[in-house]
Amino acid sequence: RQITLGGSHPAFANSLNNLASHYRDMGRYDEGESLYKQSLEIRRVALGKQHPAFASSLNNLGSLYRDMGRDDEALPLFKQSLEIRRVAHGEQHPEFAVSLNNLALLYSDMGRHAEAEILCKQSMEIWRVALGEQHPDFATSLNNLAALYRAMGRHDEAAELGSKADS
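Its first residue numbered 325, the sequence shown is counted upward by one per residue in the working numbering.
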């Protein structure tokens, strides 16, 4: 793609993003970070700061930082991604729910459980309505809320959600 379309083309940014995701999955965070940043910059220049693809790049870099325990760096990226998706897609769109979910996970990591619970429930409801209760994203939201409840010591509620997610 770089040779065919050029190093500043959004399709090349997609390739960088995908490779960065593989590096992240492999635990090769430094390499992933570099590629996510390149993708982010290409999308910023080519598509603008309000484009959903730019929001995806922010979200992906934020997820990498969360994996690395760099919560303070992840937080503004997740918030910016959330706002872009809210404006671009609306508050009932599954992509908005992705951003809510990721911010909720970060808040949970940070011990901000009350805020995390609100966002988990909101993302879960969006996925339920938009995608249905049989969709994997809805099941993921149930599992995430169950994990949050376990972290909060609310084990009965966690078990109930866990069994619901498994069915």
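The beta-carbon is built from N, C-alpha and C at its ideal position, and this holds for glycine as well.
Buried versus exposed, by CB contacts within 10 Å (16 or more), residue i
| i | result |
| --- | --- |
| N425 | buried |
| S332 | exposed |
| L329 | exposed |
| A482 | buried |
| S465 | buried |
| A377 | buried |
| V422 | buried |
| A438 | exposed |
Own chain residues within Cβ distance below 6 Å of residue i, not counting five before or after
| i | result |
| --- | --- |
| L343 | L359 |
| R348 | G356 and L388 |
| G386 | A398, L401 and F402 |
Selected residue, minimal CA-CA separation from residue i, among the options
| i | options | result |
| --- | --- | --- |
| E419 | M434, S381, L399 and R325 | S381 |
| L388 | Y353, N338, H375 and S432 | Y353 |
| E407 | K373, E439, A440 and H437 | K373 |
| N467 | M448, N384 and H417 | M448 |
| R474 | D461, F462 and S432 | S432 |
| V369 | R390, P334 and D396 | P334 |
| L469 | I442, R452 and P460 | I442 |
| M392 | M350, H417, L364 and G414 | M350 |
| Q458 | R409, K488 and H479 | K488 |
| Q416 | A428, L455, D395 and D396 | L455 |
| R367 | S339, L427 and R478 | S339 |
Cut-off 8 Å between Cβ atoms - residues of its own chain near residue i, not counting five sequence neighbours on either side
| i | result |
| --- | --- |
| Q404 | A379 and L382 |
| L485 | L466, N467, L469, A470 and Y473 |
| N341 | L359, Y360, S363, S380, S381 and N384 |
| Q301 | Here the chain has residues from 325 to 491 only, and residue 301 is not among them. |
| F462 | M448, W451, R452, L455 and G456 |
| H413 | P376, E419 and F420 |
Proximal residues to residue i (C-beta, below 7 Å), its chain only, five neighbours per side dropped
| i | result |
| --- | --- |
| Q326 | F336 |
| M434 | D395 |
| P371 | Before going further, note that residue 371 is Leu rather than Pro in the sequence given. Only P334, A377 and F378 meet the Cβ criterion. |
Below-9 Å beta-carbon distance, residue i vs any chain C residue
| i | result |
| --- | --- |
| G372 | Here chain C cannot be found, since the structure has a single protein chain. |
Inset, instruction - Report the residue ranges of all alpha helix (DSSP H) runs contained in full by the stretch 340 to 401; include only those spanning at least 4 residues, in chain order. - result: 353 to 371 and 376 to 391
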